[in-house]
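Shown next, in structure tokens, is the structure this report addresses.
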Amino acid sequence: MSHNVTPDRLLALFHTAAGTLALLAALTMLALLSGCSSEAAADAPRTAAAVPVEVAPILEAEGGLPIRTSGRLALKSERALSFKVGGLIAFLGADEGDFVRSGTVLARIDPREIDAQVIQARSTLEKAQRDLARVEQLLADSAATLESVQDARTGVSVAQAAYDIAAFNQQYATITAPASGRVLQRMVEPNELVQPGQPIFELGTNADGWVVRAGLSDRDVVSLALGDPAEVRFGAYPGELFAGRVAQIANAANSATGTFEVEIAVADPEQRLKAGFVADVELRPQAENGYRIIHIDALVAGDGVTGVVFTVDPSYTDSLGLHTVVRRTVEVAALSRDRLAVRSGLDGATHVVTTGAAYLGNGTKVRVNTAPNP
């Protein structure tokens, strides 16, 4: 028994204007004639029906899930400089952006008031010391009581303390640079009235390098440890990657935001960074394991908690060199750029289907073309 439908003819029919009807008719004819067809003709529909796909390997996560956040770049050593006392600004010796050396006088309060307070306290102390000497002499002459001497000594102690306070305040009516660095901000102008402790300058020093300060939720912060690596990107330098590491983790949440502040030390070997840059940060916790990473293109359906992927074993083929895919439901842990972290559902699997996954069903025969890395 013979027939006129060959594999070449079947493929040709598929590309004609009536390809769909012709293909159905051909498949019907092949089914009727299957008992007497040749082996090559019998295998033709299986070969033609195989879906071409691309696959990617499933990777084991090295550490925990990546954490993405953003923050502000700052010098590790940033100090707000202020006066111990209030008064009128008499002198400002630096402006924003200026580089100053350690010990440079940056600002002074008008000294007339504080100098007068020092003179007053010193005069009061000197009088108390004279009173004490006179009462002690009277006591020696039996003309004064011991109580009078004790009161005079107390008066000297009080006057001495008042003088020490005035002298101390006089010393801190001048702001000097505690270290060499750059003035990041100047908050006042000359002749402005300031209060004690009001910030006058913000000074940054390069001694301890740059850090990005970012806030993390309690769920994320518990997976981090000091020294964990980070990738940092700045809008000022698009496409460039700066290496970083976790340098400090807060032990308490910020009362205003409810987040935990984390400092990421950033390397700047070419000295191009500036305070205030906004940074995109990807943290890589190293202490946590147990996740598997797949390419995002493998996901064909999902609800944010679970997803559907197709897996295939590239090392196993049937007699025609085709592979069989398996439909799997996976538990999604996190999404990072073009990768998907999976908690469960991939036991025993080595590769997922990426290109062509949308056209598959459980048990579909496929032809694997390439296996790109995720």
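In the numbering used here, the protein residues as written are 96 to 469.
All C-beta atoms in this analysis are idealised placements derived from N, C-alpha and C, irrespective of residue type, glycine included.
Owing to the predicted nature of the structure, the values given are computational and were not obtained by experimental measurement.
Excluding five sequence positions before and after V327, the CB atoms of its chain that fall closer than 7 Å to its own CB belong to V307, F337, G339, I359, V361, A374 and V376, given in chain order. A Cβ-Cβ separation of about 23 Å leaves F329 out of contact with A345 under the 8 Å criterion. Around the CB of V253, fewer than 16 other CB atoms lie within 10 Å, so the residue is classed as exposed.
The DSSP assignment places 162-177, 182-187 and 200-204 as complete runs of the beta strand (DSSP E) inside the stretch 152-208, in order along the chain (cut-off: 3 residues). Within the stretch 268-321, complete alpha helix (DSSP H) segments of at least 4 residues are found at 313-316, given in chain order. The C-beta distance from A444 to L160 rounds to 20 Å, too long to meet the 8 Å contact threshold. T406 is not a Cβ neighbour of V437, given a cutoff of 7 Å. Rounded to the nearest whole angstrom, the C-alpha separation of L298 and Q381 is 35 Å. Distance between Q265 and K369, taken at the CA atoms: about 35 Å. Taking the C-beta atoms as reference points, S165 is found no nearer than 7 Å to D303. In the DSSP annotation of this structure, the continuous segment of the alpha helix (DSSP H) that includes F263 starts and ends at L241 to Q266. Rounded to the nearest whole angstrom, the CA to CA distance from L183 to I209 is 11 Å. The secondary-structure analysis by DSSP pairs A338 across a beta bridge with E326. In the three-state reduction of the DSSP assignment, A444 falls in the coil class, being assigned neither a helical nor a strand state. Secondary structure note for A145: it is in no alpha helix (DSSP H), with a DSSP letter that is neither H nor E. DSSP, reduced to helix, strand and coil, places Q343 within a strand of the structure shown. One thing to note: V395 has its Cβ no nearer than 7 Å to the Cβ of V425. Excluding the 5 residues flanking it on each side, T199 has same chain C-beta neighbours closer than 6 Å at A272, in chain order. Only exposed fits Y411, as fewer than 16 other CB atoms lie within 10 angstroms of its CB. Residue pairing of E356 in beta bridges, as defined by DSSP: G310. Boundaries of the beta strand (DSSP E) harbouring F405: T401 to V407, taken from the DSSP string. Residue burial is scored here from C-beta neighbours: A228 has fewer than 16 other C-beta atoms within 10 angstroms and is therefore classed as exposed.
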